[in-house]
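First up is the structure itself, then whatever we jot down about it.
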Amino acid sequence: MSKNMFNVFSKKFAAAAMVGTLVVSGALAGCSSDSGSEKDGKKVINVWGMGEEAKTLPKIAEEFEKENPEIDVKVQAIPWDQAHDKLLTAVASKKGPDVVQMGTTWIPEFASANALMDLSDQTEKYPELAAENFYDGSIETTKYEDKVVGVPWYVDTRVLFYRTDLLEEAGYKEAPKTWDELRDAAKKLNDRGDDKYGISIDTNEQSLSFMLARQNGSKLIEGNEAYFNEPEFVEAVEYLNGFFKDGSAPVDLGLDIVQAFKGDGILPMFISGPWMVKIINDQAPELEGKWATAVLPAKETNTSTLGGSNLSVFEHTKNKEEALKFLAYMSKSETQVKWLEMTNSLPANKEAWNDKQLQENQYYKVFGEQMENAQPMPVIKPFEKIAQDFLSRFEKIYRGGADIQEEMDAFDQEAEKILSK
Amino acid sequence: MKSFLANKTPYFFIAPAIILLSLFSILPIFVALFISFTDLDLVGIADWSSISFVGLENYKEVVSDPIFVKSILNTLFYVVIGVPLVIILSLAIALLINFGKARIFKAFRVVFYMPSITNVVAVAVVWSYLYNPHLGLFNHILNLLNLPDVPWLQDPIMAKISLILLALWRAIGLNMIIFLAALQGIPKTYYEAAQLDGANNWKQLTKITIPLLRYAIFFVSITTMIGWLQFFEEPFVMTNGGPLDSTTSVALFIYRNGFQFSNFGYAAAGSFILFIAIIIITLIQFKIQNKQQDY
Numbered sequence: 030m031s032k033n034m035f036n037v038f039s040k041k042f043a044a045a046a047m048v049g050t051l052v053v054s055g056a057l058a059g060c061s062s063d064s065g066s067e068k069d070g071k072k073v074i075n076v077w078g079m080g081e082e083a084k085t086l087p088k089i090a091e092e093f094e095k096e097n098p099e100i101d102v103k104v105q106a107i108p109w110d111q112a113h114d115k116l117l118t119a120v121a122s123k124k125g126p127d128v129v130q131m132g133t134t135w136i137p138e139f140a141s142a143n144a145l146m147d148l149s150d151q152t153e154k155y156p157e158l159a160a161e162n163f164y165d166g167s168i169e170t171t172k173y174e175d176k177v178v179g180v181p182w183y184v185d186t187r188v189l190f191y192r193t194d195l196l197e198e199a200g201y202k203e204a205p206k207t208w209d210e211l212r213d214a215a216k217k218l219n220d221r222g223d224d225k226y227g228i229s230i231d232t233n234e235q236s237l238s239f240m241l242a243r244q245n246g247s248k249l250i251e252g253n254e255a256y257f258n259e260p261e262f263v264e265a266v267e268y269l270n271g272f273f274k275d276g277s278a279p280v281d282l283g284l285d286i287v288q289a290f291k292g293d294g295i296l297p298m299f300i301s302g303p304w305m306v307k308i309i310n311d312q313a314p315e316l317e318g319k320w321a322t323a324v325l326p327a328k329e330t331n332t333s334t335l336g337g338s339n340l341s342v343f344e345h346t347k348n349k350e351e352a353l354k355f356l357a358y359m360s361k362s363e364t365q366v367k368w369l370e371m372t373n374s375l376p377a378n379k380e381a382w383n384d385k386q387l388q389e390n391q392y393y394k395v396f397g398e399q400m401e402n403a404q405p406m407p408v409i410k411p412f413e414k415i416a417q418d419f420l421s422r423f424e425k426i427y428r429g430g431a432d433i434q435e436e437m438d439a440f441d442q443e444a445e446k447i448l449s450k
Numbered sequence: 036m037k038s039f040l041a042n043k044t045p046y047f048f049i050a051p052a053i054i055l056l057s058l059f060s061i062l063p064i065f066v067a068l069f070i071s072f073t074d075l076d077l078v079g080i081a082d083w084s085s086i087s088f089v090g091l092e093n094y095k096e097v098v099s100d101p102i103f104v105k106s107i108l109n110t111l112f113y114v115v116i117g118v119p120l121v122i123i124l125s126l127a128i129a130l131l132i133n134f135g136k137a138r139i140f141k142a143f144r145v146v147f148y149m150p151s152i153t154n155v156v157a158v159a160v161v162w163s164y165l166y167n168p169h170l171g172l173f174n175h176i177l178n179l180l181n182l183p184d185v186p187w188l189q190d191p192i193m194a195k196i197s198l199i200l201l202a203l204w205r206a207i208g209l210n211m212i213i214f215l216a217a218l219q220g221i222p223k224t225y226y227e228a229a230q231l232d233g234a235n236n237w238k239q240l241t242k243i244t245i246p247l248l249r250y251a252i253f254f255v256s257i258t259t260m261i262g263w264l265q266f267f268e269e270p271f272v273m274t275n276g277g278p279l280d281s282t283t284s285v286a287l288f289i290y291r292n293g294f295q296f297s298n299f300g301y302a303a304a305g306s307f308i309l310f311i312a313i314i315i316i317t318l319i320q321f322k323i324q325n326k327q328q329d330y
């Protein structure tokens, strides 16, 4: 009996054992990974790519290999939701990839652990990596303290997607331009009848409220100071909550956004990133000509969020030069245009935006315009924790009807406590 | 010592198991205990010299964390509702399958066992469609019967029950097999004797079958209890702890703090509280079991 019980313990005693194993695996390092190995006289570099992009990454790596026959690129695709765990293990064991794709919000965490190489003195040798090639907002996400720990790869920014035909019926020939207009348009669209709404508000999207608060002039965070209970921020939360309150945004619809966007347009407006263009074109081709993208409606500004991915060199790599060569190759404007063709990711390289495709495509043009007014989320280590705390408080507001000012006071306090650690 | 040397052989045979077990199960538990007294985070993993000892700080903080308290209450809810349901249902199904003599009952074993061997993520994806408020089959059926929609995963209490239903469906198979094996181990002679004395089916069930299944029931209740105390996959995949943290289990809380926020010390403290709770509850169950008389 007791032996059986122990099986249960050892099999499922998840967290304690996992954390422990992580440290032990750090201590046992040395038995894994083949970074630094050579194959047929070729240097092998390991590249970790994440999510959808990673599936296309080998194609572009092939082109790189053609130009650099002495380097062999091995791409490993990691799903986003496992990537964080996997990187933790890599940091703990000091054995990992040579080049790694980093989500912009992860940079501070891994940079503070000294896992990413400082690239600031490499720009002379690799001019492709220089900051002036990229949008300022993207460059901001590659900096940690006084180091440059990555190079922008692709960017995404949020814009408004809307059904032109349905908005026209509601009296909007053009996309809503201000907060008030957006509110009004959502209400009118909601009035179409039962089971029809005005706008989709993704309650798991952590950057949405922060983005709106910025449009309202909120500073969000400065140093150890948080501004979450100031009127600028509270108003933004009130504004967002208003959509739920009057029913123009559904709380739990349970429908895929494309399904709700097409046909009758259960959700005729939503805010999202460039990847949606391809998804709508693929999954709802019949909508062609009935939808468009537009820059976000403005309050004081129409600042959007700037996200995307960077490429970094893993600090403990043994193939520094080869890894940097790969980074330089990926940063070239021609490569970035190629990457756009392959994956519809928007280039971070400014020059690449002069490309015909981006200039002439009505959807991409809007993203380019919005990029002029886009800022990354605060580049601080505990941002994820603060954002998650916000989401759970916002849930109390829209679902439980909690008092907004009170919740935001508490949120502000909690955030400052996290920041001062 | 002499007797140890004389009896070396058995130790030699169990050595591989013991070494693996201590390296990958017991050692990590001690490491986690150590971590729970430190402020280990990602920086600490990369550079051990930056770890500092914080004593009981993590424990103090975690027990005053409202989400942790909530996750304990949620976990208790899962245990209190889930464990009896698993035992009753899997026992009932095992009895029915054992009772039935037709060929078809062999097929039913497979039917009930199938969920246990299906990947939990695949299961969760399918069930989240079943529970979907707009497209879900369950709500569709309710509507056909002129009943209103049920907010399966959207209401704090209902969401917990929905997760229990899913986990129940998954847990029945394995425990049913255990009960079936135990049922078939009961000698037929007992029943024959009882029948001669004129005992009906109900009497036979309550006076012979259930008492003789005592060890199986005990085993199932302990393993199920531990399983439910570590309830993780279902809320992780289906609700991510929501709505309003109402489905966050202790294990999910630990995972989130450890691997999402990289607060390893804090997560380790939480996991130790869970570890100790499991040991205490299990010991209590053993005590209760020992008090009962033997047949």
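Each protein sequence line maps, in turn, to chains A and B. In the numbering used here, each residue's number is its place in the first sequence (first place is 1) plus 29. In the numbering used here, each residue's number is its place in the second sequence (first place is 1) plus 35. Cβ atoms here follow ideal geometry from the backbone N, Cα and C, with glycine treated the same way.
As assigned by DSSP and simplified to three states, the class of residue i
i: residue 327 (chain A); result: strand
i: residue 209 (chain B); result: helix
i: residue 3 (chain B); result: Outside the displayed range of chain B (36 to 330) lies residue 3 (chain B), so it cannot be described from this structure.
i: residue 226 (chain B); result: helix
i: residue 91 (chain B); result: coil
i: residue 181 (chain A); result: strand
i: residue 100 (chain B); result: coil
i: residue 56 (chain A); result: The predicted model places residue 56 (chain A) with a pLDDT of 46, which falls under 50 and marks its position as unreliable, so this point remains unresolved.
i: residue 186 (chain A); result: strand
i: residue 243 (chain A); result: helix
i: residue 204 (chain B); result: helix
i: residue 280 (chain A); result: coil
i: residue 317 (chain A); result: coil
i: residue 463 (chain A); result: Residue 463 (chain A) lies beyond the stretch modelled for chain A, which goes from 30 to 450, so this question has no answer here.
Cα-Cα separation, residue i to residue j
i: residue 292 (chain A); j: residue 168 (chain B); result: 19 Å
i: residue 55 (chain B); j: residue 46 (chain B); result: 14 Å
i: residue 424 (chain A); j: residue 273 (chain A); result: 11 Å
i: residue 432 (chain A); j: residue 107 (chain A); result: 41 Å
i: residue 134 (chain A); j: residue 283 (chain B); result: 25 Å
i: residue 56 (chain A); j: residue 129 (chain A); result: The pLDDT assigned to residue 56 (chain A) is 46, lower than 50, so where the model puts this residue is not dependable, and the model offers no usable value.
i: residue 125 (chain A); j: residue 347 (chain A); result: 10 Å
i: residue 343 (chain A); j: residue 77 (chain B); result: 15 Å
i: residue 151 (chain A); j: residue 212 (chain A); result: 49 Å
i: residue 159 (chain B); j: residue 200 (chain B); result: 12 Å
i: residue 103 (chain B); j: residue 438 (chain A); result: 21 Å
i: residue 48 (chain B); j: residue 41 (chain B); result: 14 Å
i: residue 332 (chain A); j: residue 265 (chain A); result: 13 Å
i: residue 150 (chain B); j: residue 258 (chain A); result: 48 Å
i: residue 6 (chain A); j: residue 97 (chain A); result: Only positions 30 to 450 of chain A appear in this structure, which leaves residue 6 (chain A) out of reach.
i: residue 110 (chain A); j: residue 174 (chain B); result: 30 Å
i: residue 324 (chain B); j: residue 276 (chain B); result: 34 Å
i: residue 264 (chain B); j: residue 141 (chain A); result: 35 Å
i: residue 119 (chain A); j: residue 154 (chain A); result: 28 Å
i: residue 450 (chain A); j: residue 414 (chain A); result: 12 Å
i: residue 280 (chain A); j: residue 191 (chain B); result: 14 Å
i: residue 282 (chain A); j: residue 328 (chain A); result: 28 Å
i: residue 93 (chain A); j: residue 80 (chain A); result: 21 Å
i: residue 130 (chain B); j: residue 229 (chain B); result: 18 Å
i: residue 96 (chain B); j: residue 440 (chain A); result: 17 Å
i: residue 251 (chain B); j: residue 93 (chain B); result: 39 Å
Inter-residue CB distance, residue i and residue j (contact presumed, cutoff 8 Å)
i: residue 207 (chain A); j: residue 326 (chain A); result: 5 Å
i: residue 185 (chain A); j: residue 78 (chain A); result: Contact doesn't hold; Cβ gap of about 16 Å is too wide.
i: residue 204 (chain A); j: residue 323 (chain A); result: 3 Å
i: residue 233 (chain A); j: residue 445 (chain A); result: Going by Cβ atoms, the distance from residue 233 (chain A) to residue 445 (chain A) rounds to 24 Å, so no, they are not a contact pair.
i: residue 340 (chain A); j: residue 371 (chain A); result: The Cβ separation is near 16 Å, so there is no contact.
i: residue 213 (chain B); j: residue 255 (chain B); result: 6 Å
Beta-carbon neighbours of residue i, restricted to chain C and to distances below 8 Å
i: residue 428 (chain A); result: Considering every chain present, this structure includes no chain C. Its protein chains are A and B.
Whole beta strand (DSSP E) elements within the segment 330–372 of chain A, 3-residue minimum: 333–342
Okay, do the segment 272–287 of chain B and the segment 187–203 of chain B touch, 3+ Cβ pairs below 8 Å being the bar? yes
Evaluate contact between the segment 59–73 of chain B and the segment 289–309 of chain B, counting only Cβ atoms and requiring at least three cross-stretch pairs below 8 Å. yes
If contact is defined by three or more beta carbon pairs under 8 Å, each pair taking one atom from either stretch, is the segment 224–239 of chain A in contact with the segment 284–303 of chain A? A contact exists between the segment 284–303 of chain A and the segment 224–239 of chain A.
Validate contact between the segment 202–212 of chain B and the segment 122–136 of chain B using beta carbons, cut 8 Å, 3 pairs: Because the criterion of three Cβ pairs below 8 Å is met, the segment 202–212 of chain B and the segment 122–136 of chain B touch.
Can you check the segment 92–127 of chain A for any alpha helix (DSSP H) of at least 4 residues that lies completely inside it and give the ranges in chain order? 109–122
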